[in-house]
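Let me begin by presenting the structure, written as C-alpha cells, before commenting on it.
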Amino acid sequence: MRQCPECYEGFEGEQNFCDIDGTPLIDANTLLRAEQQCEAATDDQTQFTRQTDVFSSNVWITVTIGILIGVIISAITYAVTLAPTPDRKSISLDKSSSGEQLPPARAAQVASTLRPVETASTVDEPEVKESEDESTAAPSSPPADSISAGAPERAQNSLNSGPISTGGKQAEKRGRTVIRLKDGASVEADATWEDQQGIWYRQGGLVSFVEHDRVQAITEPARPKPSPADVATP
C-alpha cells in the first residue's frame, strides 16, 4: 500500500501518483518511519531547548546572587570606612580639662624647697672694678619699698652688694653669714645677696635661692672669744 505524503491518501496497487494533487506516492511503512524519525528529532530539539533554558536560568540566578553579595560587601565596607571616629581635638581638650582639675600639689612642693641655681663661673674682677662696685652699692641696691613687709632681720653689713657671682674678693672681705630659716634650719653661706625675689647665697662655687617668707634672720657667725692668754700683753 502506498500513501501520498501531502494529503495522506492511501492507494492500492501499483499506482505511482496521487489522483488528487499528483504527488508521487510513498510506501506507507517508509512514510511512517520518516514521521517517527521526524518526531524523534523534534523531541530531541525540544529537550535540548529546555536544557538550554534551564542552564541559562541557572546562570542568571548565579550572576544575580553574586551581584547581590558584592553589593552587600561593598555597603558594609563603606559603612565601616566612613564610621564616625572620635575627634582628636575633643580628646586633647578632655585630657587638658582633666589635668586642670587636678590639684597642683607637685608645684607647691617644688616651690617650697630650695632652688639651687648653678651659674657660670665668673672671672675675678680687678681691684679697680671692686672699688667702683663698692662706691655704687647704694644706688644699685633695691629700694626699701620694693622689699616685702615681712623681710627677715639682718645683721649690719651681712649682705653683699654688687652683682651675684660664684666667687670674688669682695664677698670674701665681708665674711661668712648665717641664714636662719623659720622651720628651725640654718644655712652658713660664704656670701649673701638680697633682691626683690628673695635671698641669694653662695656655698663654695654653688649659688642658691630662698624666698623671703622662709627666712627669719640673717646673722654673722659667732666669733670665738679670745682667751686671756691672747689678750694679755707681753
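Basically this note's numbering = 1-based index in the sequence shown + 12.
The beta-carbon is built from N, C-alpha and C at its ideal position, and this holds for glycine as well.
Considering just the uninterrupted stretch of the beta strand (DSSP E) at residue 35, what are its terminal residues? Residue 35 -> no beta strand (DSSP E), and no H or E assigned at all.
Hey, how far is the Cα of residue 213 from the Cα of residue 96? If you take the alpha carbons of residue 213 and residue 96, they lie about 60 Å apart.
Residue range of the beta strand (DSSP E) that includes residue 198: Looking at the DSSP string, the run of the beta strand (DSSP E) that includes residue 198 is 198-201.
Under the assumption that residue 188 contacts residue 202 (Cβ atoms under 8 Å), give the Cβ distance between them as a whole number of angstroms. A Cβ-Cβ separation of about 6 Å places residue 188 in contact with residue 202 under the 8 Å criterion.
Taking the Cβ atom as the reference point for each residue, do residue 42 and residue 18 lie within a distance shorter than 7 Å? Taking 7 Å as the Cβ cut-off, residue 42 and residue 18 do not qualify as a contacting pair.
Whole-angstrom distance between residue 47 and residue 54, CA atom to CA atom: Their backbone Cα atoms lie some 10 Å apart in a straight line.
Put residue 192 into one of helix, strand or coil per three-state DSSP. DSSP places residue 192 in strand when its eight states are reduced to three.
DSSP state of residue 211, grouped into three classes? Strand.
Among 217, 210, 215, which one has its Cα closest to the Cα of residue 224? It is 210.
Contact check, residue 190 vs residue 231 under 8 Å by CB: the rounded distance? Between residue 231 and residue 190 the Cβ distance is about 5 Å, and since that is below 8 Å, they are a contact.
Report the CB separation of residue 176 from residue 222 in whole angstroms; it is logged as a contact under 8 Å. So it is not a contact: roughly 13 Å between Cβ atoms.
Just to confirm the assignment, what range does the beta strand (DSSP E) spanning residue 95 have? No beta strand (DSSP E) contains residue 95, which DSSP labels as neither H nor E.
Return helix, strand or coil for residue 51, following the three-state DSSP convention. DSSP, reduced to helix, strand and coil, places residue 51 within a helical segment of the structure shown.
Residue 44 - DSSP class collapsed to helix/strand/coil: Looking at residue 44 - three-state DSSP - the assignment turns out to be helix.
Where the beta strand (DSSP E) containing residue 218 begins and where it ends: Element bounds for residue 218: 218-223.
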